[in-house]
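Quick note: the first sequence, position 12, residue 8 per the working numbering, numbers continuous.
We treat Cβ as the ideally placed atom computed from N, Cα and C, and that holds for glycine.
Predicted, not measured: the structure shown is a model, and the values here were computed from it.
Reviewing the structure listed below.
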Amino acid sequence: MSDGRSCQALTGTSPVGAGQVRPRRLPVAFFARDSTVVAPELLGKRFVVGRCHGRITEVEAYTQDDPASHAFRGPTPRNDVMFGPPGRLYVYFTYGMHHCVNIVTGRRGDGQAVLLRGVKPLAGLEAMRARRGPVPDARLADGPGKLAQAFGLDLADNGRLAVVYDDGIEVDVPPPGPRVGITKAADWPRRWLVRQPTV
DNA sequence: GGAACGATCTGC
DNA sequence: CAGATCGTTCCC
């Protein structure tokens, strides 16, 4: 920890911490805002679970007044974490076979979250490949279910603290577009993707 | 107690 | 474009 080598790994051409400034972990306060504000700001940030790191490339915002949100009808055993403190992972199981990963936003009691829909793998590629099987690296985590599988996240991780770093990378934040994979309020412009797929 | 429906992915 | 596959939620 205190030797020079661990610092070296965070500088230079390494994909981890490739920005100009020292990587800074996003504080809980970052997430204690409306999901429609937090979501676009998460683009270009680095999502970390153990050794697996990924540059966030696609997100969707869900608020409590959103008919498409799990929080729309109030707290339930499944969505309870959404109403808890910000900065936690809200993981749910769907379609009988997939997990999806959110980060809770807003104040305690709000019922908001940002769905992580895609990241570009930066580190821990071996673990991701092992979990995802024979697919191109670019396809390891370019979808909500794939992202959860690549990072090894499931219901056991529901409510855990989210680990996200700001590497100081400049991201051209695009205007939001309609959401996908839902039937209710799909046209609400609450989906953000980085312009160039290779952030 | 039962039925309908997914914030999806993959292969045909 | 349909099938996989099962937990959650809602209705009776």
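For a cut-off of 8 Å, the C-beta gap from ALA181 to ALA64 is around 5 Å, short enough to register as a contact. For the set ASP153, ASP62, GLY120, ALA28, the Cα lying nearest the Cα of THR179 is the one of ASP62. Here DSSP, grouped into helix, strand and coil, assigns THR53 to strand. For LEU111, the secondary structure class from DSSP, reduced to helix, strand or coil, is strand.
For the stretch 111 to 159, the full-length alpha helix (DSSP H) segments reaching 4 residues or more read 121 to 128, 140 to 146 along the chain. Its chain contains HIS66, ALA67, TYR86, TYR88, GLY107 as the residues whose beta carbon lies nearer than 8 Å to that of ASN75, once the 5 sequence neighbours on both sides are disregarded; these appear in chain order.
For THR32, there is no enclosing beta strand (DSSP E); the residue is part of the alpha helix (DSSP H) that begins and ends at 31 to 38. In the structure shown, ASP162 falls within a strand segment according to DSSP collapsed to helix, strand and coil. Membership of VAL45 in the beta strand (DSSP E) is indicated by the continuous run 42 to 45. Residue burial annotation: ALA25 is exposed, with fewer than 16 other C-beta atoms found within 10 angstroms of its C-beta.
Between the stretch 116 to 134 and the stretch 142 to 149, the count of C-beta pairs closer than 8 Å reaches three or more; the two stretches touch. Pairing ARG51 with LYS116 gives a Cβ-Cβ distance under 7 Å. For the set ARG156, THR32, GLY164, THR59, the Cα lying nearest the Cα of GLY105 is the one of THR59. Annotation: LEU189 to ARG29 spans about 20 Å, alpha carbon to alpha carbon. Under DSSP, no beta-bridge partner is assigned to PHE68. Per DSSP, the beta-bridge partners of ARG187 are GLU56, GLY173.
DSSP, reduced to helix, strand and coil, places VAL167 outside both helices and strands of the structure shown, so it counts as coil. Taken through DSSP and simplified to helix, strand or coil, VAL17 comes out as coil.
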